[in-house]
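Chemist: Below: one structure in structure tokens.
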Amino acid sequence: LAKTTQPISMDSYEGQEVNITCSHNNIATNDYITWYQQFPSQGPRFIIQGYKTKVTNEVASLFIPADRKSSTLSLPRVSLSDTAVYYCLVALNQAGTALIFGKGTTLSVSS
Amino acid sequence: DVKVTQSSRYLVKRTGEKVFLECVQDMDHENMFWYRQDPGLGLRLIYFSYDVKMKEKGDIPEGYSVSREKKERFSLILESASTNQTSMYLCASVGRGRVWEQFFGPGTRLTVL
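Chains as they are written, first to last, in our numbering: chain A, 29 to 139; chain B, 79 to 191.
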């Protein structure tokens, strides 16, 4: 199963762009790259998914290089409410039935 | 708006008690999951169900059982609660074939004394 490595924590200020990079050196051909966001005392929330190149939605952008060994979640102009844990996921469990969450990146946004 | 609700946000139980955690989703999803989340360990899958009355063990099923009598409802049962089951319990659901985009409930923080 592909493992992911992402920074444990990041700090930013309101209005800045934040980029969180995740490395996944042994991602499988049929695995997608998915990011979830979790606020304190809430369940995780799906924010974006991609397979290759770039994906953008109303929340974030996801950049994936051609070799797919890493990916970068980009949050444009963060606000205090973006303070959360961000998880990068690239694999399901052995049965292909459930997500595997790592420890995530804790993003703290200050004013 | 899609919704997954859990019966309690906070629960305190005593060792040996039988504990029921209930999850309800309103999206007509086939698949439902129970995870627990602990600091430093991330989310770990306890059980999941892909249809009414169907269940499969996840990665850490010991000490737990589940029930799915109706499509929208998935219950997690701690037969005899122990202190090492103190945790945040998260329910999720997803439509068939879309396992990557799960919808989570708010979680139940269970403390076993």
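In this text, a Cβ means the ideal position worked out from N, Cα and C, and glycines have one as well.
1) Does the beta carbon of glutamine 77 of chain A sit closer than 8 angstroms to a beta carbon anywhere in chain B?
2) With three or more beta-carbon pairs closer than 8 angstroms as the criterion, would you say the segment 143–160 of chain B touches the segment 83–96 of chain B?
3) Are the C-beta of phenylalanine 163 of chain B and some C-beta of chain A separated by less than 8 angstroms?
4) Helix, strand or coil: which one does DSSP assign to aspartate 137 of chain B?
5) Does DSSP put leucine 168 of chain B in a helix, a strand or coil?
6) Closer than 9 angstroms, Cβ to Cβ, to anything on chain A: give me those residues from the segment 176–188 of chain B, in chain order.
7) Please list the terminal residues of the continuous beta strand (DSSP E) segment that includes tyrosine 115 of chain A.
8) Quick one: what's serine 109 of chain A bridged to in DSSP?
9) Cutting at 7 angstroms between CB atoms, please list the residues of its own chain near aspartate 129 of chain B, excluding the five before and the five after it.
10) Here's the rule: buried if 16 or more other CB atoms are within 10 angstroms of the residue's CB, otherwise exposed. What is methionine 110 of chain B?
11) If you pair each beta-carbon of the segment 35–49 of chain A with each one of the segment 68–82 of chain A, do three or more pairs fall below 8 angstroms?
12) Could you compute how far the alpha carbon of threonine 125 of chain A sits from the alpha carbon of lysine 91 of chain B?
13) Closer than 7 angstroms by C-beta to leucine 120 of chain A: which residues in its own chain qualify, once you throw out the five before and the five after it? Chain order, please.
14) Listing by chain order, which chain A residues have their CB less than 8 angstroms from the CB of leucine 168 of chain B?
15) Does the structure place the segment 87–95 of chain A close enough to the segment 131–139 of chain A that three or more beta carbon pairs sit under 8 angstroms?
16) For alanine 56 of chain A, which option in A:Pro104, A:Leu117, A:Phe74 has the closest C-alpha, if you only look at C-alpha atoms?
17) How far does the beta strand (DSSP E) with methionine 38 of chain A in it reach, from first residue to last?
18) List, in chain order, every chain A residue whose beta-carbon is nearer than 8 angstroms to that of glycine 118 of chain B.
19) Use the C-beta contact count for serine 109 of chain A: other C-beta atoms within 10 angstroms, 16 or more gives buried, fewer gives exposed.
20) When DSSP labels each residue in this structure, what does threonine 186 of chain B get in the three-state scheme?
21) Cα separation between arginine 114 of chain B and glutamate 134 of chain B?
22) Go ahead and pull the three-state DSSP assignment for glutamine 44 of chain A.
23) Answer yes or no: does any C-beta atom of chain B fall closer than 8 angstroms to that of threonine 125 of chain A?
24) What residues in the segment 130–163 of chain B bring their beta carbon closer than 9 angstroms to a beta carbon of chain A?
Modeler: In short, the structure shows the following:
1) Reading the first sequence from its first residue, position 49 is the one you call residue 77 of chain A. It does; some Cβ of chain B falls within 8 angstroms.
2) Because the criterion of three Cβ pairs below 8 angstroms is met, the segment 143–160 of chain B and the segment 83–96 of chain B touch.
3) As a first step, residue 163 of chain B is located in the second sequence; it is residue number 85 there, counting from the start. What sits at residue 163 of chain B in the sequence shown is glutamine, not phenylalanine. Not one chain A Cβ lies under 8 angstroms of glutamine 163 of chain B.
4) Position 59 of the second sequence holds residue 137 of chain B. Residue state, collapsed to three classes: coil.
5) Taking the second sequence and counting its residues from 1, one reaches residue 168 of chain B at position 90. Looking at leucine 168 of chain B - three-state DSSP - the assignment turns out to be strand.
6) Hits within the stretch, in order: Val177, Trp178, Glu179, Gln180, Phe181, Phe182, Gly183, Pro184, Gly185, Arg187.
7) Walking along the first sequence from the start, residue 115 of chain A turns up at place 87. Run containing tyrosine 115 of chain A: 112–117, per the beta strand (DSSP E) assignment.
8) Translated into positions along the first sequence, residue 109 of chain A becomes position 81. Partner(s): none; serine 109 of chain A has no beta bridge.
9) Taking the second sequence and counting its residues from 1, one reaches residue 129 of chain B at position 51. The residues Glu108, in chain order, have a CB closer than 7 angstroms to that of aspartate 129 of chain B in the same chain once the five nearest residues on each side in sequence are set aside.
10) As a position in the second sequence, residue 110 of chain B is number 32, starting the count at 1. With 16 or more other Cβ atoms within 10 Å, it is buried.
11) Touching, no.
12) The residue labelled residue 125 of chain A in the question sits at position 97 within the first sequence. The residue labelled residue 91 of chain B in the question sits at position 13 within the second sequence. When rounded, the distance between both Cα atoms is 31 angstroms.
13) For this step, residue 120 of chain A is matched to residue 92 along the first sequence. Within the same chain, leucine 120 of chain A has close Cβ partners Ala126, Leu127, Ile128.
14) Position 90 of the second sequence, counting from 1, holds the residue named residue 168 of chain B. The contacting residues are Gly71, Pro72.
15) No, the segment 131–139 of chain A does not touch the segment 87–95 of chain A.
16) Locating residue 56 of chain A in the first sequence gives position 28, counting from the first residue. Among A:Pro104, A:Leu117, A:Phe74, the Cα nearest to that of alanine 56 of chain A is on A:Leu117.
17) Counting from one through the first sequence, the residue named residue 38 of chain A turns up at place 10. Secondary structure note for methionine 38 of chain A: its beta strand (DSSP E) is the uninterrupted segment 37–41.
18) Position 40 of the second sequence, counted from the start, is the residue given in the question as residue 118 of chain B. Glycine 118 of chain B reaches chain A at Lys131, counting residues in chain order whose Cβ is nearer than 8 angstroms.
19) For the purposes of this step, residue 109 of chain A is taken as the residue at position 81 of the first sequence. The residue is exposed, with fewer than 16 neighbouring Cβ atoms inside 10 Å.
20) Sequence index remark: in the second sequence, residue 186 of chain B carries index 108 (1-based). Taken through DSSP and simplified to helix, strand or coil, threonine 186 of chain B comes out as strand.
21) Here the question's residue 114 of chain B lines up with position 36 in the second sequence. Here the question's residue 134 of chain B lines up with position 56 in the second sequence. Cα to Cα, arginine 114 of chain B sits roughly 16 angstroms from glutamate 134 of chain B.
22) Residue numbering aside, residue 44 of chain A sits at position 16 when the first sequence is read from its first letter. In the structure shown, glutamine 44 of chain A adopts coil according to DSSP, grouped into three states.
23) In the first sequence, residue 125 of chain A corresponds to position 97, counting from 1. Threonine 125 of chain A has a beta carbon lying within less than 8 angstroms of a beta carbon in chain B.
24) Going along the segment 130–163 of chain B in chain order, one finds Glu134, Gly136, Asp137 with a Cβ nearer than 9 angstroms to chain A.
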